[in-house]
Amino acid sequence: MKRKVFSALNIFALSVVFALSVILPGLSAFFQGSAPIPLEAQLPTSVVTPSTPSSGAETSVPDAARGPAIPPDKGYLVQQIRDNLYWVSNGIFQTMFLTYDNGVIVVDAPESIGKNYLNAIREVTDKPVTYVIYSHSHTDHIGAASTFPNNATYIAQKETAAILERRKDPRRPIPTVTFSDTYTLNAGDQTLVLDYRGVNHEPGNIFIYAPRQKVLMLVDIVYPGWVPFKNLGLADDVPGYIKAHDIALAYDFDTFIGGHVNRLGTRQDVMVSREFVLDLEAAAAQALQQVNFSDFAQQIGYKDVWKLYNAYSNAFTQKCTDMMMPKWKDRLGGADTYLSDDCWEMAESLTVQFPPVQTPPATEN
Ligand SMILES: [Zn+2]
1 MKRKVFSALN IFALSVVFAL SVILPGLSAF FQGSAPIPLE AQLPTSVVTP
51 STPSSGAETS VPDAARGPAI PPDKGYLVQQ IRDNLYWVSN GIFQTMFLTY
101 DNGVIVVDAP ESIGKNYLNA IREVTDKPVT YVIYSHSHTD HIGAASTFPN
151 NATYIAQKET AAILERRKDP RRPIPTVTFS DTYTLNAGDQ TLVLDYRGVN
201 HEPGNIFIYA PRQKVLMLVD IVYPGWVPFK NLGLADDVPG YIKAHDIALA
251 YDFDTFIGGH VNRLGTRQDV MVSREFVLDL EAAAAQALQQ VNFSDFAQQI
301 GYKDVWKLYN AYSNAFTQKC TDMMMPKWKD RLGGADTYLS DDCWEMAESL
351 TVQFPPVQTP PATEN
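For the sequence shown, position 2 (counting from the first letter as 1) is numbered 2 according to the working numbering, and the numbering increases by one without interruption.
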């Protein structure tokens, strides 16, 4: 339960950060820049530096964490990836839609993009939105879904539908079509394959694959160019979160949409994220082995057990962070902000979700 409360608070906090970033001039530098740039320039091989000079409050991020400028007059960017599949971004959230002869298939509806999602679609076509697909149940990704016609077909995995029925949230209409394992949507000349491969970020979180365009969308797992959001993006199931990388890499894709951050991803981004989480797993396991609970019990005693556990968990979190930081601080953005939270999450998961921690290989120290 504690975890759910934290999840809700963090999603709320992210929304607040987004709102502040629009309001406050200092933070809005994040969104400002020149005219839209070609798709090729958004990929990590060609990095775009925001045209607005850095303010004093802005920290430096690695080149891999930079994305295209968001037109400040619109507050969003919309660009075709290929074959009538478009992505939409406000610099923190991103999603995609496809057009076909008789309509538009939209995937997700991030709350912070809101009505701008419809504006983005209207830049491309006047055709009606006929299908709405949910990646998962979280409001930050689908909280603007009620802006679409209520006679559209809303599609989600069964677990997502069950969560939404419990939420009773008018912002997130109940899916009208659900599936267990896989669902293929054919609409005109467009095809989307929706696959559920078990719990990762949350129950019902699906792989959304456009085979013709070779685009894979998987939300809240891989953050191209960035370390995962706090606590591995609030992953419900960390073993499932790690496994999702291998499942993703089994698809034949070259463009990746992760739902967050400021640029499109590639296959390479998914491989880097996989390397990061496997490193994190090894570092957290090593930290748990090296930091001894009884040392803290001797010093602090059992009178205040939260204080005792917190001192212990701060120590293994710090050890894991110290092991990870040198390798990752210049490779992925946000390591100084969220690496320690990701260490904490991995160590806690190793303790309560994984089989017993293995002894680290002898070659590591
Ligand atoms: Zn989520």
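Heads up, the beta-carbon is just placed ideally off N, CA and C, and yes, glycines get one too.
Check, Outcome
"Using only the alpha-carbon positions, how far apart do residue 82 and residue 131 sit?", "19 angstroms"
"Check residue 213 in the structure and name its three-state DSSP category.", "coil"
"With a threshold of 8 angstroms between beta carbons, is residue 223 in contact with chain C?", "Here chain C cannot be found, since the structure has a single protein chain."
"Who pairs with residue 63 in a beta bridge, going by DSSP?", "Answer is none; residue 63 lacks a bridge partner."
"What do you get for residue 301, buried or exposed, if any count of 16 or more other CB atoms within 10 angstroms of its CB means buried?", "exposed"
"Would you decide whether residue 159 is buried or exposed? Buried here means 16 or more other CB atoms lie within 10 Å of its CB.", "buried"
"Can you say whether residue 295 is buried or exposed, counting buried as having 16 or more other CB atoms within 10 angstroms of its CB?", "exposed"
"Residue 186 bridges to which residues according to DSSP?", "191"
"Would residue 129 be called buried (16 or more neighbouring beta carbons within 10 Å of its own) or exposed?", "buried"
"Are the beta-carbon atoms belonging to residue 335 and residue 225 less than 8 angstroms from one another?", "no"
"Quick check on residue 82: does DSSP put it in helix, strand or coil?", "strand"
"The alpha helix (DSSP H) with residue 334 in it runs from where to where?", "Per DSSP, residue 334 belongs to no alpha helix (DSSP H) and is neither H nor E."
"In the structure shown, what three-state DSSP assignment does residue 93 receive?", "strand"
"So, helix, strand or coil for residue 316, using DSSP?", "helix"
"Using a strict less-than 5 angstroms threshold between each residue's beta carbon and the heavy atoms of ligand 1, what residues do you get?", "138 and 220"
"Could you tell me whether the region 343 to 351 touches the region 269 to 288, where touching means 3 or more Cβ pairs closer than 8 angstroms?", "yes"
"Whether or not the region 151 to 170 and the region 196 to 216 are in contact is what I'm after, with contact meaning three or more pairs of Cβ atoms, one per stretch, closer than 8 angstroms; do they touch?", "yes"
"Taking C-alpha atoms, which residue in 127, 338, 164 and 135 lies nearest to residue 173?", "164"
"Could you work out which residue in 100, 123, 310 and 89 is closest to residue 108 when comparing CA atoms only?", "89"
"Helix, strand or coil, according to DSSP, for residue 22 in the structure here?", "For residue 22, the pLDDT reaches just 38, beneath the cut-off of 50, and the residue's location in the model is therefore unreliable, leaving the point undetermined."
"Tell me residue 98's beta-bridge partners as DSSP assigns them.", "85 and 105"
"Just to confirm, are residue 346 and residue 232 a CB contact at a threshold of 8 angstroms?", "yes"
"Compute the distance between the beta-carbons of residue 184 and residue 191, then report whether it is under 8 angstroms.", "yes"
"Note down the Cα distance separating residue 134 from residue 238, rounded to an integer number of angstroms.", "21 angstroms"
"Could you tell me the alpha carbon to alpha carbon distance between residue 35 and residue 282, rounded to whole angstroms?", "Annotation note: pLDDT 37 at residue 35 (below 50); position unreliable, no value reported."
"Does residue 353 come out as helix, strand or coil in the three-state DSSP assignment?", "coil"
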